[in-house]
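Undergrad: For the sequence shown, my numbering gives the first residue as 37, with consecutive numbering after it. Before I ask anything, here is the structure I am working with.
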Amino acid sequence: MTSANHRTHVYIGLAGEGDNIGGGGLYRRADGDEEWQSITNGLPANPQIRSLKVHPEDPSVVYAGTQQGVYRSDDRGDHWEALEQPRQGMDVWSLAMHPQDPKTIYAGYEPCGVYRSQDSGETWSKMNTDRVVFPHLTTYMPPLAKRVIGLALDPSNPSDMYGAIEVGGLLGSRDGGESWESLIDGPYLRNNTLDLHGVAVSAAAAGTVHIITQVAMFRSRDRGHHWEHVQVDEMFPGGSYCRGLLVAPDDPKTMYLAAGAGGGGAPQGTQEAGALFRSRDVGETWERV
Numbered sequence: 037m038t039s040a041n042h043r044t045h046v047y048i049g050l051a052g053e054g055d056n057i058g059g060g061g062l063y064r065r066a067d068g069d070e071e072w073q074s075i076t077n078g079l080p081a082n083p084q085i086r087s088l089k090v091h092p093e094d095p096s097v098v099y100a101g102t103q104q105g106v107y108r109s110d111d112r113g114d115h116w117e118a119l120e121q122p123r124q125g126m127d128v129w130s131l132a133m134h135p136q137d138p139k140t141i142y143a144g145y146e147p148c149g150v151y152r153s154q155d156s157g158e159t160w161s162k163m164n165t166d167r168v169v170f171p172h173l174t175t176y177m178p179p180l181a182k183r184v185i186g187l188a189l190d191p192s193n194p195s196d197m198y199g200a201i202e203v204g205g206l207l208g209s210r211d212g213g214e215s216w217e218s219l220i221d222g223p224y225l226r227n228n229t230l231d232l233h234g235v236a237v238s239a240a241a242a243g244t245v246h247i248i249t250q251v252a253m254f255r256s257r258d259r260g261h262h263w264e265h266v267q268v269d270e271m272f273p274g275g276s277y278c279r280g281l282l283v284a285p286d287d288p289k290t291m292y293l294a295a296g297a298g299g300g301g302a303p304q305g306t307q308e309a310g311a312l313f314r315s316r317d318v319g320e321t322w323e324r325v
């Protein structure tokens, strides 16, 4: 992740969960640097970094979602401080900033929940997502929406918010997060793809929502009411395990997708294959980078 205004630093966060190869960590590289620098001063031991956000107006301010809550750095990652935790033992999986007020930050947690801060992360309040019912969720017994793995606000209408649930489907709010509903309809449900991995909305296409799942990408042009399949090169017969989706901070028409061959119906022996895709027309067409 880079700063939108001064693209001089790149950040890479590693989750390193369980027995995964490599372990966790957070690294930074500036223009002209020959090596990546570890920047974990103040973070938890073996930090599991699942989400990063750079302040759009002050690139020295960076937020990181970890296994012990949200952390903030005011010096591009040289030092980190722990922000208030709503409750101990909750992992942060996603972060989003209000496009018109960067002091307002949203965090998606495991167990499944969304929290909001209106003072740059100093204090947090839980949003009312507990009443949302996922009637089609049968992966766990009893039914369980595990975590909010992605958050997005529509830059053209920030009252529209979306939360990608792994596993559960898509959360939607029309009033800035005061109330929420389950947006479960269309092909992403019929293809048994309630295992969502991300959600994105671009300023170049108001009301258009992209979501990614364990087998494909889907798009809604009407704020999540109806969905269509988005064609991307298949990494395995029948689909692609979509891992990450974002809109370029300096060009709302450009989007990036990280996908692989693991998950879904992937053939044995192909799980390590992966690719980066780019769209220059707000997700209409995609090419491998």
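All residues carry an ideal CB built from backbone N, CA and C; glycine is no exception.
Do G213 and L207 have their beta-carbon atoms positioned less than 7 Å apart in this structure?
TA: Result no, Cβ atoms of L207 and G213 do not sit closer than 7 Å.
Undergrad: Hey, could you find the ends of the beta strand (DSSP E) R279 is sitting in?
TA: Residues Y277 to V283.
Undergrad: Just verifying my parser: in three-state terms, what is the DSSP assignment at T140?
TA: Residue state, collapsed to three classes: strand.
Undergrad: Does the region 154-166 come close enough to the region 96-108 to have 3 or more Cβ pairs within less than 8 Å?
TA: Yes: at least three Cβ pairs fall under 8 Å.
Undergrad: Please classify I185: does DSSP put it in a helix, a strand, or coil?
TA: I185 falls in the strand class under three-state DSSP.
Undergrad: Going by alpha carbons, who is nearest to C148 out of P80, G125, I141 and Y47?
TA: Of P80, G125, I141 and Y47, the residue nearest in Cα terms is G125.
Undergrad: Give me, in chain order, the residues of the same chain whose beta-carbon lies closer than 6 Å to that of T174; leave out the 5 immediate sequence neighbours on both sides.
TA: Note that T174 scores a pLDDT of 49, beneath 50, so its modelled location is shaky; the value from the coordinates is reported in the next line. Result list for T174: empty, nothing under 6 Å.
Undergrad: Taking only runs that begin and end inside the region 41-88, name each unbroken alpha helix (DSSP H) of 4 or more residues, in chain order.
TA: Segments of the alpha helix (DSSP H) lying fully in the region 41-88: there are none.
Undergrad: What do you reckon, are the CB atoms on I201 and S130 nearer than 7 Å?
TA: Cβ distance not < 7 Å, so I201 and S130 don't count as in contact.
Undergrad: Here's the rule I'm using: 16 or more other beta-carbon atoms within 10 Å means buried, otherwise exposed. How should K162 be labelled?
TA: The residue in question, K162, is exposed, as its Cβ has fewer than 16 Cβ neighbours within 10 Å.
Undergrad: Can you give the Cα-Cα distance for G52 and I220, rounded to whole angstroms?
TA: The straight-line gap from Cα to Cα measures roughly 31 Å.
Undergrad: Express the C-alpha separation of L88 and E282 in angstroms, rounding to a whole number.
TA: Reading the sequence as shown, one finds Leu at residue 282 and not Glu. If I take the Cα positions, the gap works out to 12 Å.
Undergrad: Can you look up V168 in the DSSP assignment and give me helix, strand or coil?
TA: V168 falls in the coil class under three-state DSSP.
Undergrad: Ignore the nearest five residues each way along the sequence and tell me which others in A241's own chain have a CB closer than 7 Å to its CB.
TA: Cβ within range, chain order: V318.
Undergrad: Looking only at C-alpha atoms, which of F254, A284, Y151 and R314 sits nearest to Q121?
TA: Of F254, A284, Y151 and R314, the residue nearest in Cα terms is Y151.
Undergrad: Does the separation of the CB atoms of G275 and A252 fall below 7 Å?
TA: In this structure, A252 lies closer than 7 Å to G275 by Cβ.
Undergrad: Would you mind working out which of Q267, T165 and V168 sits nearest W322, comparing C-alpha positions?
TA: Selected option, being the one with the closest Cα: Q267.
Undergrad: Who are the Cβ neighbours of P138 in its own chain at under 7 Å, not counting the five residues just before and after it?
TA: Taken in chain order, the residues that qualify are H91, P92 and E93.
Undergrad: So, with DSSP's three-state summary, where would you put I248?
TA: Reduced to three states, the DSSP call for I248 is strand.
Undergrad: Tell me, which residues are paired with G101 by DSSP?
TA: S87 and V106.
Undergrad: So is L187 buried or exposed if we call it buried at 16+ other beta carbons inside 10 Å?
TA: Buried is the call here.
Undergrad: For my contact list, R209 and S218 are in at a C-beta cut-off of 8 Å; report their separation, rounded to the angstrom.
TA: Sequence check: residue 209 is Ser here, not Arg. That pair is no contact at about 11 Å.
Undergrad: Any idea which residues DSSP pairs H262 with across the strands?
TA: According to DSSP, H262 bridges with nothing at all.
Undergrad: According to DSSP, simplified to helix, strand and coil, what is R257?
TA: Of the three classes helix, strand and coil, the one that applies to R257 here is coil, per DSSP.
Undergrad: Can you check which of these residues, A100, G78 and D127, is closest to G49 by C-alpha distance?
TA: Here the closest residue by C-alpha is A100.
Undergrad: Under a three-way DSSP split, which group does K162 fall into?
TA: In the structure shown, K162 sits in a strand (DSSP, three-state: E or B).
Undergrad: Return the bridge partner residues of H134 from the DSSP annotation.
TA: H134 is bridged to D137.
Undergrad: May I ask you to report which of helix, strand or coil DSSP gives P288?
TA: Looking at P288 - three-state DSSP - the assignment turns out to be coil, as it is neither helix nor strand.
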